[in-house]
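These notes are about the structure you will find just below.
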Amino acid sequence: MLTAGGDCPGLNAVIRAVVTRTTEVHDSEAVGILNGWEGLMQGRTRALDRDAVRGILQRGGTILGTSRKDPYVHGDGFESVRHTIEANGIDTLVVVGGDGTLRTALRLAGEGLSVIGVPKTIDNDIAGTDVTFGFDTAVEIATEAIDRISTTAEAHNRIMLVEVMGRSKGWIATYAGLAGGADAILIPEVPYDLEEVADVIRGRHRRGRNYSIVVVAEGIDPPPGIEAVEQRDAFGFRRVGGVAYQIAPALEELTGFEARVTVLGHLQRGGTPTAFDRVLATRFGAKAADLAAEGVDGVMVALRGTEMRAVPLEEACADVRGVDPRLYEVARTFFG
Ligand code: F6P
Numbered sequence: 000m001l002t003a004g005g006d007c008p009g010l011n012a013v014i015r016a017v018v019t020r021t022t023e024v025h026d027s028e029a030v031g032i033l034n035g036w037e038g039l040m041q042g043r044t045r046a047l048d049r050d051a052v053r054g055i056l057q058r059g060g061t062i063l064g065t066s067r068k069d070p071y072v073h074g075d076g077f078e079s080v081r082h083t084i085e086a087n088g089i090d091t092l093v094v095v096g097g098d099g100t101l102r103t104a105l106r107l108a109g110e111g112l113s114v115i116g117v118p119k120t121i122d123n124d125i126a127g128t129d130v131t132f133g134f135d136t137a138v139e140i141a142t143e144a145i146d147r148i149s150t151t152a153e154a155h156n157r158i159m160l161v162e163v164m165g166r167s168k169g170w171i172a173t174y175a176g177l178a179g180g181a182d183a184i185l186i187p188e189v190p191y192d193l194e195e196v197a198d199v200i201r202g203r204h205r206r207g208r209n210y211s212i213v214v215v216a217e218g219i220d221p222p223p224g225i226e227a228v229e230q231r232d233a234f235g236f237r238r239v240g241g242v243a244y245q246i247a248p249a250l251e252e253l254t255g256f257e258a259r260v261t262v263l264g265h266l267q268r269g270g271t272p273t274a275f276d277r278v279l280a281t282r283f284g285a286k287a288a289d290l291a292a293e294g295v296d297g298v299m300v301a302l303r304g305t306e307m308r309a310v311p312l313e314e315a316c317a318d319v320r321g322v323d324p325r326l327y328e329v330a331r332t333f334f335g
């Protein structure tokens, strides 16, 4: 198995589950690939048994390491990983990753590699599953930050902008904004108008509230008149972060209130996973190991309702899942 792309709380719980289920229930062997696709290209592996994965359930990060290297960008596809697969006698490769990693897994499957995907991202934007592990932890961290920021905001009569992760979709912003009682939530799925946001804030202050919280998903477009700076990672994804710094001065000007920005950034990905994420990650890992033992491949494990399912990798890679407009509409009820 390998973990690739950005890390995410719960990766170690998946590793523990895949290894334990494979060795203890299916009487097979597990091998870990170090540093994601890069390790698969370089032949860097580590034997994994029950003892190797004890004590890691609650640890953030990944004991296998990860990277944003890709065999189709930094190698020649299947040919660049074939030697590691053959040298280690790998029947099935369990790939724990987000949309970029899963797309790479799908391409390798097209070239004949037997793969099973496990959906990982704090962004919660992978199609085919109701939720990804890591998301719940990120929402908890962001909500706690909003709660803390609210009290200092109140003391100073300020607008506080809290920028959360979510490169292309606004799941963390919507959930944490809802849970933290945000006065406005800006997400990529819903075009925003700063005049309207300013109106909401002015109305709130007229009614006697002396601070406002605006939650900003990092993936929104900059305000009109400001050029987006395009930077891309190895998977071709936009590098984002800091858009709240462009919004704050505009809101200050429109409302006359001081604005401050907090960018939560990688804080949201670090540290111990919540109990929900530990359980979800464990169920994903156990299901992946069971599917591998049954000889199923070309699928991603998924949570549908309360059930663990296997969905075709094509389905998972066909789309990037956005926030349900009905959920955003509920959050909007409480703006201002
Ligand atoms: O996709 C997960 C994510 O955490 C995004 O929310 C964020 O934009 C990106 O990864 C950051 O990536 P990196 O760790 O490479 O800066």
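Take 0 as the starting number for the sequence shown in numbering that gives the first Met the number 0 and just add one per residue. Built from N, CA and C at the ideal position, the CB exists for glycine as well. Computed from a prediction, not measured in an experiment: that's the story for all the values here.
Run through DSSP, which three-state label would residue i get?
{"i": "alanine 336", "result": "A query on residue 336 cannot be resolved here, the shown segment of the chain reaching from 0 to 335 and no further."}
{"i": "leucine 105", "result": "helix"}
{"i": "lysine 119", "result": "strand"}
{"i": "phenylalanine 236", "result": "coil"}
{"i": "glutamate 110", "result": "coil"}
{"i": "serine 211", "result": "strand"}
{"i": "alanine 202", "result": "Checking the sequence shown, residue 202 turns out to be glycine, not alanine. If DSSP states are grouped into helix, strand and coil, glycine 202 belongs with the helices."}
{"i": "alanine 144", "result": "helix"}
{"i": "isoleucine 84", "result": "helix"}
{"i": "valine 242", "result": "helix"}
{"i": "arginine 231", "result": "strand"}
{"i": "leucine 92", "result": "strand"}
{"i": "proline 248", "result": "helix"}
{"i": "proline 311", "result": "strand"}
{"i": "alanine 258", "result": "strand"}
{"i": "isoleucine 125", "result": "strand"}
{"i": "alanine 301", "result": "strand"}
May I ask you to check if the CB of residue i is nearer than 8 Å to at least one heavy atom of the ligand F6P?
{"i": "histidine 265", "result": "yes"}
{"i": "isoleucine 14", "result": "no"}
{"i": "aspartate 129", "result": "no"}
{"i": "aspartate 50", "result": "no"}
{"i": "aspartate 232", "result": "yes"}
{"i": "threonine 100", "result": "no"}
{"i": "aspartate 122", "result": "yes"}
{"i": "cysteine 7", "result": "yes"}
{"i": "glycine 165", "result": "yes"}
{"i": "glutamate 217", "result": "yes"}
{"i": "arginine 67", "result": "yes"}
{"i": "valine 161", "result": "no"}
{"i": "valine 239", "result": "yes"}
{"i": "proline 268", "result": "Note on residue identity: the sequence assigns arginine, not proline, to residue 268. Under cutoff, so the answer is yes."}
{"i": "glycine 97", "result": "yes"}
{"i": "glycine 4", "result": "yes"}
Using a Cβ-Cβ cutoff of less than 7 Å, which residues in the same chain neighbour residue i once the five nearest sequence positions on both sides are dropped?
{"i": "glycine 176", "result": "Ile184, Val214 and Ala330"}
{"i": "glycine 317", "result": "In the sequence as presented, glycine is not what sits at residue 317; that position holds alanine. Excluding residues within five positions, the ones whose Cβ falls inside 7 Å are Ala126."}
{"i": "tryptophan 170", "result": "Asp122, Asn123, Asp124, Phe134 and Val322"}
For residue i, collect the residues of the same chain with a Cβ closer than 6 Å to its Cβ; drop the 5 residues on either side in sequence, then sort them by chain order.
{"i": "glycine 116", "result": "Val94, Leu101, Ala104, Met299 and Leu312"}
{"i": "alanine 355", "result": "Since the displayed the chain opens at 0 and closes at 335, residue 355 lies outside it and no answer follows."}
{"i": "glycine 38", "result": "Ile32"}
If I measure Cβ to Cβ from residue i and keep anything under 8 Å in the same chain, skipping five residues before and after, which residues do I get?
{"i": "isoleucine 148", "result": "Met159, Val161, Ile212 and Thr261"}
{"i": "alanine 197", "result": "Leu250, Leu253 and Thr254"}
{"i": "leucine 263", "result": "Ile140, Ala141, Ala144, Val161, Glu162, Val163 and Met164"}
Below 8 Å on the Cβ atoms is my guess for residue i versus residue j; work out the distance and round it to an integer in Å.
{"i": "valine 30", "j": "asparagine 87", "result": "5 Å"}
{"i": "alanine 301", "j": "valine 13", "result": "That pair is no contact at about 14 Å."}
{"i": "serine 113", "j": "valine 319", "result": "Actually they are not in contact, since the Cβ atoms of serine 113 and valine 319 sit about 25 Å apart, beyond 8 Å."}
{"i": "valine 24", "j": "alanine 233", "result": "Not a contact, Cβ separation roughly 36 Å."}
{"i": "glycine 4", "j": "glycine 96", "result": "5 Å"}
(request) Would you list, in sequence order, the uninterrupted beta strand (DSSP E) runs of no fewer than 3 residues that lie entirely inside the region 12-69? (result) 29-32 and 44-47
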